[in-house]
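Student: Protein chains in written order, with the working numbering: chain A, 1 to 229; chain B, 1 to 229.
Don't be surprised by glycine CBs; every beta carbon is placed ideally from N, CA and C.
Sharing a structure with you now.
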């Protein structure tokens, strides 16, 4: 098979934890496209030189190489117009969802789970990760998450716009998921893949939405290695 | 002319301050459609009985009556397909923007400006408004906004997703505004129409976006009565 996706993992190649790789994974499945996962680790920038990029996901589809999850989504809709749309013909309307997700969900989850990540990494990647993230946060990773249980209610409250949307429709995409769902779900899969922290209460409508996403494509995301959160 | 829009005002019929009426106003202008504004006040539910609805905006377009700003946007795209699109063919993608706006922008602005509104209302509407809103907030309107200057930084911070979006594109709609812009701009026009409070710092990219919206359609929104905020 000639379609491969370079994805971030730690010492276990089956535990894919980059939110952006999860966007690409779900996008490929949405289009009904098989792919082979190529494990990639934080320090292996040389292995992506062929893509003129230094981060995953990178998709190689036959003779085409596409780096960056957003470019991959656009490419897939262009290259496979007969498969279900990811972007519904107006990519601009997904940019705000991505901005909201990165500012609120992604940043919020980061401050809740970042200290769980080093244990998943090999020695070399762990040193890189801890040093770069401690520099970014200006404190040890343990200090970042020390009061995480107390901060969970504020994180859950920050998802109120999603709850309000879910009163009108079951997915960001309407009656069926589209790339907006994958943007937000990617962050939740990141959390699920790296941390035992229970981000959502089971009676939260956001949890119901996440369950629906976990069910897609024969439970593809549900079957990925996780800590049961 | 056979197109009329019932819109919320106070004693001054020119000061339209409902965010949802502003969505409808901007939507009509976007489609290039003239309309006559029919002033409507909070207690005049009888006057909307013909529309089987109790709130504005209500659009009467020839023999069609459409109540609710969202229904109006969908109607306008259906009825005038040759004019520029409001919804770009996938209405579901605007539902999250509306939910985010209502939870964050609209609710945030409400807690900053609600005490400025009674002065704009006639006696009867003022009694209705103060009683219903004080019940909703569980305190006097003056108490709601007493510390508003101290809460402004938190409101501005809550707009960070918009700033991040604006790094990628000048409007929610991409290179040009669409109905997502009108949803959020409606709330800012509400604030501008009722309160002297300066919601945004002039060097905020969100302020630049608001200026671009104020410029649309020959400065239609800019020319509306306001307090200079």
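(1) Measuring only between beta-carbons, confirm whether residue 172 of chain A sits less than 8 Å from chain B.
(2) Per DSSP, which one or two residues make a beta bridge with residue 171 of chain A?
(3) Rounded to a whole number of angstroms, what is the C-alpha to C-alpha distance between residue 184 of chain A and residue 26 of chain A?
(4) Quick one: what does DSSP say residue 21 of chain B is sitting in, helix, strand or coil?
(5) Just to make sure I have the definition right: I need the residues of chain B whose C-beta is within less than 7 Å of the C-beta of residue 103 of chain A. Which are they?
(6) Is residue 145 of chain B near residue 111 of chain B, with beta carbons less than 8 Å apart?
(7) To the nearest angstrom, how far is it from the Cα of residue 124 of chain B to the Cα of residue 89 of chain A?
(8) If we call anything under 8 Å between Cβ atoms a contact, is residue 3 of chain A one with residue 33 of chain A?
(9) Here's a check: name, in chain order, each residue in its chain whose Cβ is nearer than 7 Å to the Cβ of residue 108 of chain A, leaving out the five neighbours to either side.
(10) Which word fits residue 128 of chain B, buried or exposed, when buried means at least 16 other C-beta atoms lie within 10 angstroms of its C-beta?
(11) Measuring only the C-alpha atoms, how far is residue 102 of chain A from residue 167 of chain B?
(12) Just the Cα atoms here: how many angstroms apart are residue 23 of chain A and residue 69 of chain B?
(13) Between which residues of its own chain and residue 15 of chain A is the CB-CB distance below 7 Å, once the five residues before and five after are set aside?
(14) With burial defined as no fewer than 16 other Cβ atoms inside 10 Å of the residue's Cβ, what is the status of residue 106 of chain B: buried or exposed?
(15) Check the Cβ-Cβ distances between residue 50 of chain A and every residue of chain B, and say whether any is below 8 Å.
(16) Do residue 17 of chain B and residue 190 of chain B have their C-beta atoms within less than 8 Å of each other?
(17) Could you check whether the Cβ of residue 95 of chain A sits closer than 8 Å to any Cβ belonging to chain B?
(18) Start and end of the beta strand (DSSP E) containing residue 61 of chain A?
(19) Only counting runs of 4 or more residues, tell me where the alpha helix (DSSP H) segments fall wholly within the region 116-167 of chain B, in order along the chain.
(20) So is residue 219 of chain B in contact with chain A if we call contact Cβ pairs under 8 Å?
(21) Let me know if residue 218 of chain A comes out buried or exposed under the rule of 16 or more other beta-carbons within 10 Å of its beta-carbon.
(22) In whole angstroms, what separates the C-alpha of residue 152 of chain B from that of residue 6 of chain A?
(23) Would you say residue 89 of chain B lies against chain A (beta-carbon separation less than 8 Å)?
(24) Less than 8 Å between the C-beta atoms of residue 126 of chain A and residue 114 of chain A, yes or no?
(25) Enumerate, from N- to C-terminal direction, the unbroken alpha helix (DSSP H) stretches of 4 or more residues contained entirely within the region 30-110 of chain B.
(26) Report all residues from its chain with a CB closer than 7 Å to the CB of residue 43 of chain A; omit the five preceding and five following residues, and keep chain order.
(27) So with CB distances below 7 Å, who are the chain B contacts of residue 100 of chain A?
(28) Indicate whether at least one CB of chain D lies closer than 8 Å to the CB of residue 106 of chain A.
(29) With H, G and I counted as helix, E and B as strand and the rest as coil, what does DSSP make of residue 112 of chain B?
(30) With DSSP collapsed to three states, give me the class of residue 222 of chain B.
(31) Along chain B, which residues have their Cβ under 7 Å away from the Cβ of residue 169 of chain A?
(32) Taking Cβ-Cβ distances below 8 Å as the criterion, which residues of the region 177-188 of chain B are in contact with chain A?
(33) Can you list, in chain order, the residues of its chain whose CB lies under 7 Å from that of residue 175 of chain A, leaving out five sequence neighbours each side?
(34) With DSSP run on the structure shown, which of helix, strand or coil describes residue 211 of chain B?
(35) Comparing alpha-carbon positions, which option in B/223, B/95, B/64, B/171 lies nearest residue 208 of chain B?
(36) Which class does residue 3 of chain A belong to by DSSP, given the choice of helix, strand or coil?
Tutor: The relevant details are as follows:
(1) As a working mapping, residue 172 of chain A is identified with position 172 in the first chain. Yes, contact with chain B.
(2) Working through the first chain from its first residue, we reach residue 171 of chain A at position 171. Paired residues: A/174.
(3) Residue 184 of chain A sits at position 184 when you count from the first residue of the first chain. Residue 26 of chain A sits at position 26 when you count from the first residue of the first chain. Near 11 Å, if we compare the C-alpha coordinates of residue 26 of chain A and residue 184 of chain A.
(4) In the second chain, residue 21 of chain B corresponds to position 21, counting from 1. In the structure shown, residue 21 of chain B sits in a helix (DSSP, three-state: H, G or I).
(5) Residue numbering aside, residue 103 of chain A sits at position 103 when the first chain is read from its first letter. Neighbours of residue 103 of chain A on chain B, chain order: 160, 161, 164.
(6) By one-based count along the second chain, residue 145 of chain B stands at place 145. By one-based count along the second chain, residue 111 of chain B stands at place 111. Yes, these two residues count as a Cβ contact at 8 Å.
(7) Walking along the second chain from the start, residue 124 of chain B turns up at place 124. Walking along the first chain from the start, residue 89 of chain A turns up at place 89. Going from the Cα of residue 124 of chain B to the Cα of residue 89 of chain A covers about 49 Å.
(8) As a working mapping, residue 3 of chain A is identified with position 3 in the first chain. As a working mapping, residue 33 of chain A is identified with position 33 in the first chain. In terms of Cβ geometry, residue 3 of chain A and residue 33 of chain A form a close pair [threshold 8 Å].
(9) Numbered from its first residue, the first chain carries residue 108 of chain A at position 108. Listed in chain order, the non-local C-beta contacts of residue 108 of chain A below 7 Å within the same chain comprise 155, 158, local neighbours out to five positions each way being set aside.
(10) Here the question's residue 128 of chain B lines up with position 128 in the second chain. Result: exposed.
(11) Residue 102 of chain A sits at position 102 when you count from the first residue of the first chain. Residue 167 of chain B sits at position 167 when you count from the first residue of the second chain. Distance from the CA of residue 102 of chain A to the CA of residue 167 of chain B, rounded to the nearest whole angstrom, comes to 13 Å.
(12) As a first step, residue 23 of chain A is located in the first chain; it is residue number 23 there, counting from the start. As a first step, residue 69 of chain B is located in the second chain; it is residue number 69 there, counting from the start. Taking the straight line joining both Cα atoms gives about 33 Å.
(13) Counting from one through the first chain, the residue named residue 15 of chain A turns up at place 15. Within the same chain, residue 15 of chain A has close Cβ partners 9, 120, 193, 225.
(14) In the second chain, residue 106 of chain B corresponds to position 106, counting from 1. Answer is buried; the Cβ neighbour count reaches 16.
(15) Position 50 of the first chain, counting from 1, holds the residue named residue 50 of chain A. Using a CB distance cut-off of 8 Å, residue 50 of chain A does not count as an interface residue toward chain B.
(16) For the purposes of this step, residue 17 of chain B is taken as residue 17 along the second chain, with counting starting at 1. For the purposes of this step, residue 190 of chain B is taken as residue 190 along the second chain, with counting starting at 1. Yes. Within cutoff.
(17) As a first step, residue 95 of chain A must be located in the first chain, where it is residue number 95. Cβ-Cβ to chain B under 8 Å: yes for residue 95 of chain A.
(18) Against the first chain, residue 61 of chain A aligns to sequence position 61. From DSSP, the beta strand (DSSP E) with residue 61 of chain A extends over 58-61.
(19) Whole alpha helix (DSSP H) segments, 4+ residues: 123-137, 141-145, 148-157, 160-166.
(20) Residue mapping note: residue 219 of chain B aligns to position 219 of the second chain, counting from 1. No, its Cβ sits nowhere closer than 8 Å to a Cβ of chain A.
(21) Within the first chain, residue 218 of chain A is the residue found at index 218, counting from 1. Exposed: under 16 other Cβ atoms inside 10 Å.
(22) As a first step, residue 152 of chain B is located in the second chain; it is residue number 152 there, counting from the start. As a first step, residue 6 of chain A is located in the first chain; it is residue number 6 there, counting from the start. Our two residues, residue 152 of chain B and residue 6 of chain A, have alpha carbons roughly 44 Å apart in a direct line.
(23) Within the second chain, residue 89 of chain B is the residue found at index 89, counting from 1. At least one CB atom of chain A sits nearer than 8 Å to the CB of residue 89 of chain B.
(24) For the purposes of this step, residue 126 of chain A is identified with residue 126 of the first chain, where counting begins at 1. For the purposes of this step, residue 114 of chain A is identified with residue 114 of the first chain, where counting begins at 1. No. Outside cutoff.
(25) The region 30-110 of chain B contains these whole alpha helix (DSSP H) runs: 69-79, 92-100.
(26) Here the question's residue 43 of chain A lines up with position 43 in the first chain. Contacts found: 124, 125, 128.
(27) Taking the first chain and counting its residues from 1, the one referred to as residue 100 of chain A is at position 100. Chain order gives the chain B residues near residue 100 of chain A as 100, 161, where near means a beta carbon separation below 7 Å.
(28) In the structure shown, chain D cannot be found, because the protein chains are A and B.
(29) The residue given as residue 112 of chain B occupies position 112 in the second chain. For residue 112 of chain B, the three-state secondary structure derived from DSSP is helix.
(30) Here residue 222 of chain B is taken as the residue at index 222 of the second chain, counted from 1. Residue state, collapsed to three classes: coil.
(31) The residue labelled residue 169 of chain A in the question sits at position 169 within the first chain. 92, 95, listed in chain order.
(32) Per Cβ criterion, the list reads 178, 180.
(33) For the purposes of this step, residue 175 of chain A is taken as the residue at position 175 of the first chain. Here the set comprises 169.
(34) Counting from one through the second chain, the residue named residue 211 of chain B turns up at place 211. When DSSP states are grouped into helix, strand and coil, residue 211 of chain B belongs to the helix group.
(35) Position 208 of the second chain, counted from the start, is the residue given in the question as residue 208 of chain B. Between residue 208 of chain B and the set B/223, B/95, B/64, B/171, the nearest pair of CA atoms involves B/171.
(36) As a working mapping, residue 3 of chain A is identified with position 3 in the first chain. In the structure shown, residue 3 of chain A adopts extended strand secondary structure according to DSSP, grouped into three states.
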